[in-house]
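Let me begin by presenting the structure, written as structure tokens, before commenting on it.
There are 2 protein chains.
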Amino acid sequence: MLKTHRHYEGTLFRCAHISEALGCLEARFSVYVPDAPRARTALPYPKDCEGFPMLLYLSGLTCSDENVITKANAQDHCSAEGLIFVAPDTSPRGANLPGEGERFDFGLAAGYYVDATEEPWSQHWRMREYVECELPELVHAHFPTLGEEAVSIMGHSMGGMGALACALRRPNAYQSVSALAPIAHPTAVPSGSSPDVRHALMKYLGDDEAAWHLYDPTQLAQGYRKDKKGPAPPILVDVGADDEFLASGVLKPWDFIEACRQSDLTVDFQMRAGFDHSYFYVSTAIGDHVAFHAKHLDS
Amino acid sequence: MLKTHRHYEGTLFRCAHISEALGCLEARFSVYVPDAPRARTALPYPKDCEGFPMLLYLSGLTCSDENVITKANAQDHCSAEGLIFVAPDTSPRGANLPGEGERFDFGLAAGYYVDATEEPWSQHWRMREYVECELPELVHAHFPTLGEEAVSIMGHSMGGMGALACALRRPNAYQSVSALAPIAHPTAVPSGSSPDVRHALMKYLGDDEAAWHLYDPTQLAQGYRKDKKGPAPPILVDVGADDEFLASGVLKPWDFIEACRQSDLTVDFQMRAGFDHSYFYVSTAIGDHVAFHAKHLDS
Numbered sequence: 038m039l040k041t042h043r044h045y046e047g048t049l050f051r052c053a054h055i056s057e058a059l060g061c062l063e064a065r066f067s068v069y070v071p072d073a074p075r076a077r078t079a080l081p082y083p084k085d086c087e088g089f090p091m092l093l094y095l096s097g098l099t100c101s102d103e104n105v106i107t108k109a110n111a112q113d114h115c116s117a118e119g120l121i122f123v124a125p126d127t128s129p130r131g132a133n134l135p136g137e138g139e140r141f142d143f144g145l146a147a148g149y150y151v152d153a154t155e156e157p158w159s160q161h162w163r164m165r166e167y168v169e170c171e172l173p174e175l176v177h178a179h180f181p182t183l184g185e186e187a188v189s190i191m192g193h194s195m196g197g198m199g200a201l202a203c204a205l206r207r208p209n210a211y212q213s214v215s216a217l218a219p220i221a222h223p224t225a226v227p228s229g230s231s232p233d234v235r236h237a238l239m240k241y242l243g244d245d246e247a248a249w250h251l252y253d254p255t256q257l258a259q260g261y262r263k264d265k266k267g268p269a270p271p272i273l274v275d276v277g278a279d280d281e282f283l284a285s286g287v288l289k290p291w292d293f294i295e296a297c298r299q300s301d302l303t304v305d306f307q308m309r310a311g312f313d314h315s316y317f318y319v320s321t322a323i324g325d326h327v328a329f330h331a332k333h334l335d336s
Numbered sequence: 038m039l040k041t042h043r044h045y046e047g048t049l050f051r052c053a054h055i056s057e058a059l060g061c062l063e064a065r066f067s068v069y070v071p072d073a074p075r076a077r078t079a080l081p082y083p084k085d086c087e088g089f090p091m092l093l094y095l096s097g098l099t100c101s102d103e104n105v106i107t108k109a110n111a112q113d114h115c116s117a118e119g120l121i122f123v124a125p126d127t128s129p130r131g132a133n134l135p136g137e138g139e140r141f142d143f144g145l146a147a148g149y150y151v152d153a154t155e156e157p158w159s160q161h162w163r164m165r166e167y168v169e170c171e172l173p174e175l176v177h178a179h180f181p182t183l184g185e186e187a188v189s190i191m192g193h194s195m196g197g198m199g200a201l202a203c204a205l206r207r208p209n210a211y212q213s214v215s216a217l218a219p220i221a222h223p224t225a226v227p228s229g230s231s232p233d234v235r236h237a238l239m240k241y242l243g244d245d246e247a248a249w250h251l252y253d254p255t256q257l258a259q260g261y262r263k264d265k266k267g268p269a270p271p272i273l274v275d276v277g278a279d280d281e282f283l284a285s286g287v288l289k290p291w292d293f294i295e296a297c298r299q300s301d302l303t304v305d306f307q308m309r310a311g312f313d314h315s316y317f318y319v320s321t322a323i324g325d326h327v328a329f330h331a332k333h334l335d336s
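Sequence order for the protein chains is A and B. Count the first sequence with this note's numbering and you get residues 38 to 336, in order. Count the second sequence with this note's numbering and you get residues 38 to 336, in order.
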């Protein structure tokens, strides 16, 4: 534990641990634990069960866990809804690989929630394994969660890409998934865009694009087979109408929605007039997302 | 105008101008304007009056206007209450005076809302004049306020000191005043403390302590004469019980409250168990403060 803060009716824990998934580097994350569940409409859990459902939040490029916990105001809503809020970092730190800090869209704070297969990144850049397995297990072990039956996932931008991909790869692992301004079709972002998503995927995963599809929400939605995987969790996608990355073709939410439609996956979608890509947008929208997850974690 | 963002039901304007009070340096500030008044219990203004009361927020050491607008979540509450929220910087920037950046508690981001009288600071460090006169006039001229009859003031830490001092010097200028974890008795903070408030006051104001009393909330409360100045505006003071600067003797809220009691000034006081000095505390408490000001700006 690095530090704790009282925040709203709960406690924020800033934590560090040595991560196996990330090749034995120190990894930081934050966990917010409400004092008591409030305003929940139904509790399927035994009344003497002491614990809270978990909402995992994946952040965007250039962020650490600090941005969301200081700027998004999720804790106010999670306190009110009785959810544990978990925010990991966005890449390994401290590996000192050559070139890791040269670009905002690759390396440090730019893990894209993939398991890199290319050297030298494959030694440490294993953010998929970290956010799907190691981190939730650690949180379940040390905080009063209700266990892996009560976990939902969301994210912003690169983290929205990660959250949607996690939920479509492992539909039984999450009760619901939502994304704020996600990079929804990363393999279709033109090379040379800012961020250059294809450049990063190439460096992490090699030049066989088939391997990239495991991390592309639109590709995963296109190939989703309910008869094999069962139903997907409820999906909520949100974007600001004046988002600069929507305008530049980096987000492509329509591609994802169309793919969901073709695969008969249900998506709630909201576009907010006037909002951009910043945390001013995130803090405005996040209350609806926490309420969405709370509803599905209750039912 | 540097940039605008939609935020909650309103718009955040980040602005820059050349300040006369600060000796013709560029000064930055933020203004949040709600779309429409909501949830107000009474409107003493004509129904066709288009405008909002103004709440001025003074930030603490090391901050600019950015900390409060990204971390405090005041905009959510100001949107709900229909208040314009104004956040200035905490010192002049760009004067390049010798030693201005050497300490966190003096010079840059450490203006203490005083008008410096000592060279070379007196050329630029005139934050009292800036926050009392120049900035409000600028905001009234360019944003839909209700004018100088509907202004309240608050602040955090060094900004709490500034807000309380402004309101006790000019009781008719504000409808209400509140302070989060204020440096409430700055002249009594022992030399060598961190922050070393007396060191800063000495450098700005010289070694005649009588001049310091104009900026000391406790001294101002002790000397408050209702028969001369009229009633003071309603005062709300708030502090976290685990505030590290409360523990180290920098805040001294009890001195201020006792001085108010002796001068028959009414103070509401709240201490919050478990909370520290950070913006996690500010964001938790600020809703009560915005509601306090909205009530007094309505009546």
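No residue lacks a Cβ here, since even glycine has one placed at the ideal position from N, Cα and C.
Test: residue i CB closer than 8 angstroms to a CB of chain B
{"i": "Phe66 of chain A", "result": "no"}
{"i": "Asp325 of chain A", "result": "no"}
{"i": "Thr99 of chain A", "result": "no"}
{"i": "Asp313 of chain A", "result": "yes"}
{"i": "His154 of chain A", "result": "Reading off the sequence shown, one finds Thr at residue 154 of chain A, where the question assumed His. It does not; no Cβ of chain B falls within 8 angstroms."}
{"i": "Tyr94 of chain A", "result": "no"}
{"i": "Asn110 of chain A", "result": "yes"}
{"i": "Phe317 of chain A", "result": "yes"}
{"i": "His44 of chain A", "result": "yes"}
{"i": "Ala117 of chain A", "result": "no"}
{"i": "Ala76 of chain A", "result": "With a pLDDT of only 49 at Ala76 of chain A, under 50, the local geometry of the prediction cannot be trusted, and the value read off the model is given with reservation. Answer no: the Cβ-Cβ gap between Ala76 of chain A and chain B never drops below 8 angstroms."}
{"i": "Asp85 of chain A", "result": "Because the pLDDT at Asp85 of chain A is just 49, under 50, the model does not fix this residue reliably, and the point stays unresolved."}
Buried or exposed by the 16-neighbour rule on C-beta atoms within 10 Å, applied to residue i
{"i": "Asp305 of chain B", "result": "exposed"}
{"i": "Ile55 of chain A", "result": "exposed"}
{"i": "Lys108 of chain B", "result": "buried"}
{"i": "His193 of chain B", "result": "buried"}
{"i": "Ala73 of chain A", "result": "exposed"}
{"i": "Gln212 of chain A", "result": "buried"}
{"i": "Gln299 of chain B", "result": "exposed"}
{"i": "Glu310 of chain A", "result": "Note that residue 310 of chain A corresponds to Ala in the displayed sequence, not to Glu. Exposed."}
{"i": "Pro268 of chain B", "result": "exposed"}
{"i": "Pro254 of chain A", "result": "buried"}
{"i": "Ala322 of chain B", "result": "buried"}
{"i": "Lys40 of chain B", "result": "exposed"}
{"i": "Phe141 of chain B", "result": "exposed"}
{"i": "Asn104 of chain B", "result": "buried"}
{"i": "His179 of chain B", "result": "exposed"}
{"i": "Ser285 of chain A", "result": "exposed"}
{"i": "Pro135 of chain B", "result": "exposed"}
Whether residue i touches residue j by CB criterion (8 angstroms)
{"i": "Leu217 of chain A", "j": "Gly199 of chain A", "result": "no"}
{"i": "Leu257 of chain A", "j": "Leu205 of chain A", "result": "yes"}
{"i": "Leu59 of chain A", "j": "His177 of chain A", "result": "no"}
{"i": "Val226 of chain A", "j": "Cys203 of chain A", "result": "no"}
{"i": "Ala296 of chain A", "j": "Gln259 of chain A", "result": "yes"}
{"i": "Leu334 of chain B", "j": "Leu120 of chain B", "result": "yes"}
{"i": "Asn110 of chain B", "j": "Ser320 of chain B", "result": "yes"}
CB contact below 8 angstroms: residue i versus chain A
{"i": "Ala79 of chain B", "result": "Low local confidence applies: a pLDDT of 49 at Ala79 of chain B is under 50, so the model's placement there is unreliable, and no value is given."}
{"i": "Ser320 of chain B", "result": "yes"}
{"i": "Leu49 of chain B", "result": "yes"}
{"i": "Thr107 of chain B", "result": "yes"}
{"i": "Tyr261 of chain B", "result": "no"}
{"i": "His179 of chain B", "result": "no"}
Paired residues, beta bridge with residue i - DSSP
{"i": "Met191 of chain B", "result": "B:Tyr94, B:Ser215"}
{"i": "Val327 of chain A", "result": "Paired residues: none, contrary to the question."}
{"i": "Ile106 of chain B", "result": "According to DSSP, Ile106 of chain B bridges with nothing at all."}
{"i": "His42 of chain A", "result": "A:Leu49"}
{"i": "Gly144 of chain A", "result": "A:Ala147"}
{"i": "Met239 of chain B", "result": "Note: Met239 of chain B sits in no beta bridge, so no partner."}
{"i": "Leu62 of chain A", "result": "A:Ser56"}
{"i": "Tyr69 of chain B", "result": "B:Leu49, B:Phe122"}
{"i": "Gly304 of chain B", "result": "Before going on, a small fix: residue 304 of chain B reads as Val here, not Gly. Answer is B:Ile272, bridged to Val304 of chain B."}
{"i": "Asp152 of chain B", "result": "B:Arg163"}
{"i": "Arg309 of chain A", "result": "A:Gly277"}
Complete alpha helix (DSSP H) runs within the stretch 247-283 of chain B (minimum length 4 residues, chain order): 254-259, 263-266
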